[in-house]
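**Q** Here it is, the structure, as structure tokens.
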Amino acid sequence: MIERGATRDKIIIAIYDFSYYPLGLAHILLWQAHLAILAHIHKPAKIEYCFLFDENELIYRLGFNDIKEFQKRFLSFWPVFFCLPFIRSINLFKDRLLLNQFISTQMANGSLVHPTLGNRKPLSFEILTAFSCQENLIPYLDPPLESKRKAEDFFKLHFPDSLVFCVSLKEPDLPYHEQKWQEFFKFFEKHPIVFLIVDEMETLYSFGKFTFPNVHMIENYNFTLCEKLAAINVADGFIGEIGSLALMAIFGKKPYIISQSLEKMQSPQIDNLSFLRKKHQTLLCNPTNTNYLITHLEEILKEL
1 MIERGATRDK
11 IIIAIYDFSY
21 YPLGLAHILL
31 WQAHLAILAH
41 IHKPAKIEYC
51 FLFDENELIY
61 RLGFNDIKEF
71 QKRFLSFWPV
81 FFCLPFIRSI
91 NLFKDRLLLN
101 QFISTQMANG
111 SLVHPTLGNR
121 KPLSFEILTA
131 FSCQENLIPY
141 LDPPLESKRK
151 AEDFFKLHFP
161 DSLVFCVSLK
171 EPDLPYHEQK
181 WQEFFKFFEK
191 HPIVFLIVDE
201 METLYSFGKF
211 TFPNVHMIEN
221 YNFTLCEKLA
231 AINVADGFIG
241 EIGSLALMAI
251 FGKKPYIISQ
261 SLEKMQSPQI
271 DNLSFLRKKH
281 QTLLCNPTNT
291 NYLITHLEEI
301 LKEL
């Protein structure tokens with residue numbers, strides 16, 4: 001029984017339809033950021049996840065060889081879907097008709113549906129900006145507690161006396177790119193700060209090896225994708241190019257310096273994120289040079 005004056009939780013039916021949304025990190029994090037804002041608008045709120053796996057669409061439209069290939073990939077992302085604290089239940093559907101019947105029943109009981117059946121626009125920063133400007137709210141994402149504990153314990157064990165900044169080099173295919181980072185890491189070699197590169201090894205094929213004692217590769221420590229996000233979340237800050245991993249920093253509370261590389265400067269992504277800025281959270285529409293990175297990080301370090 002609800003006590004007089006108490007408020008019943010609003011139920012939000014959150015649909016992840018794989019025929020609309022790709023199975024990728026950026027889409028998963030953006031989807032949850034949208035839900036975080038909706039949950040704030042309708043608080044107190046609880047979220048019910050609804051995943052739709054239409055086998056025919058997965059195989060013939062989305063390019064998977066069979067359902068097992070999709071399931072394997074889906075399971076690798078599974079923990080990443082739990083960066084919200086108010087998830088009430090999870091529903092898996094293989095039939096679109098059954099999902100629509102479930103949604104109709106829930107709407108009749110007063111639940112909200114996101115996205116609505118007639119308005120499944122691609123996830124984008126434009127939609128997120130509109131929500132956040134209206135509510136003056138940054139949607140924070142928080143990785144699962146188990147992943148955060150692993151990251152925190154890892155930092156305490158390996159870097160007990162250092163600040164830790166996660167770094168995403170992302171797409172290092174421009175001539176100046178490697179030199180910039182080499183100079184940057186060398187400048188801070190004698191400082192009590194560690195840089196943890198969170199990119200996958202294969203994205204760094206064009207780089208030589210970083211031999212600085214203050215630079216480490218997270219790939220050498222058997223971190224899962226979700227644990228990488230947790231490392232970004234609990235680290236003292238983040239530096240790097242805009243990309244999927246950078247979204248965890250953007251939807252977090254720690255300092256960051258995030259830029260957009262030359263070949264993507266025509267993209268409106270960075271401009272559409274400007275509303276998220278707080279002190280020492282910097283988003284740049286043009287590539288950073290070494291001196292800028294050094295100067296800005298020194299300013300951040302003065303307050304840590």
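The opening position of the sequence shown corresponds to residue 1 in the working numbering, with each subsequent residue numbered one higher.
We treat Cβ as the ideally placed atom computed from N, Cα and C, and that holds for glycine.
Given a cut-off of 9 Å on the beta-carbon distance, is the pair Ile87 and Lys46 in contact?
**A** yes
**Q** Measure the alpha-carbon distance for Leu245 versus Asp142 and round it to whole angstroms.
**A** 13 Å
**Q** Within 10 angstroms of its Cβ, does Asn136 collect 16 or more other Cβ (buried), or is it exposed?
**A** exposed
**Q** Quick one: what does DSSP say Asp153 is sitting in, helix, strand or coil?
**A** helix
**Q** Would you list the residues sitting across from Thr282 in a DSSP beta bridge?
**A** Ile257
**Q** Compute the Euclidean distance between the alpha carbons of Leu169 and Gln101, then round it to the nearest angstrom.
**A** 45 Å
**Q** Check whether the segment 221 to 233 touches the segment 141 to 157, taking contact to mean three or more Cβ pairs, one atom from each stretch, closer than 8 Å.
**A** A contact exists between the segment 221 to 233 and the segment 141 to 157.
**Q** Quick one: grab the DSSP three-state call for Pro268.
**A** Any reading at Pro268 is ruled out, since the residue's pLDDT is 43, under 50, leaving its predicted position unreliable.
**Q** In the structure shown, what three-state DSSP assignment does Phe70 receive?
**A** helix
**Q** Which residues bound the alpha helix (DSSP H) around Val347?
**A** Summary: the structure shown does not reach residue 347, with the chain confined to residues 1 through 304, and so no result is reported for it.
**Q** Which of the three DSSP states is assigned to His216 in this structure?
**A** strand
**Q** Taking the C-alpha atoms as reference points, what is the distance between Lys72 and Phe64?
**A** When rounded, the distance between both Cα atoms is 11 Å.
**Q** Quick one: using the 10 Å Cβ neighbour count with 16 as the cut-off for buried, is Gly252 buried or exposed?
**A** The Cβ neighbour count for Gly252, taken over all protein chains shown within 10 Å, is at least 16; the residue is labelled buried.
**Q** Measuring alpha carbon to alpha carbon, tell me which residue in Gln32, Ile90 and Leu293 is nearest Lys180.
**A** Leu293
**Q** Go to Asn100, then tell me how far its alpha helix (DSSP H) extends in each direction, as first and last residue.
**A** Arg96 to Ala108
**Q** What separation, rounded to the nearest whole angstrom, lies between the Cα atoms of Phe131 and Asn222?
**A** Going by the C-alpha atoms only, they are around 37 Å apart.
**Q** For a test of the three-state rule: what should DSSP assign to Leu247, helix, strand or coil?
**A** helix
**Q** Can you tell me which of Lys10, Asp236 and Leu301 puts its alpha carbon nearest to the alpha carbon of His114?
**A** Lys10
**Q** Distance, Cα to Cα, Pro192 vs Leu301?
**A** 10 Å
**Q** DSSP three-state label for Val164, please.
**A** strand
**Q** In chain order, what residues of the same chain lie with their CB nearer than 7 Å to the CB of Ser267, ignoring the 5 residues before and after it?
**A** Only weak support exists for where Ser267 lies, its pLDDT of 45 falling under 50; the value from the coordinates is given anyway. Gln260, listed in sequence order.
**Q** Between the C-alpha atoms of Leu92 and Ile258, what's the straight-line distance to the nearest angstrom?
**A** Rounded to the nearest angstrom, the gap between the Cα atoms of Leu92 and Ile258 is 36 Å.
**Q** As a quick exercise: from Asn56, Ile12, Ala36 and His40, pick the residue whose alpha carbon is nearest that of Phe18.
**A** Asn56
**Q** When we look at the beta-carbon of Pro85 and count the other beta-carbons within 10 Å, is it buried (16 or more) or exposed?
**A** exposed
**Q** Give a yes or no on whether the C-beta atoms belonging to Phe195 and His177 are separated by under 9 Å.
**A** no
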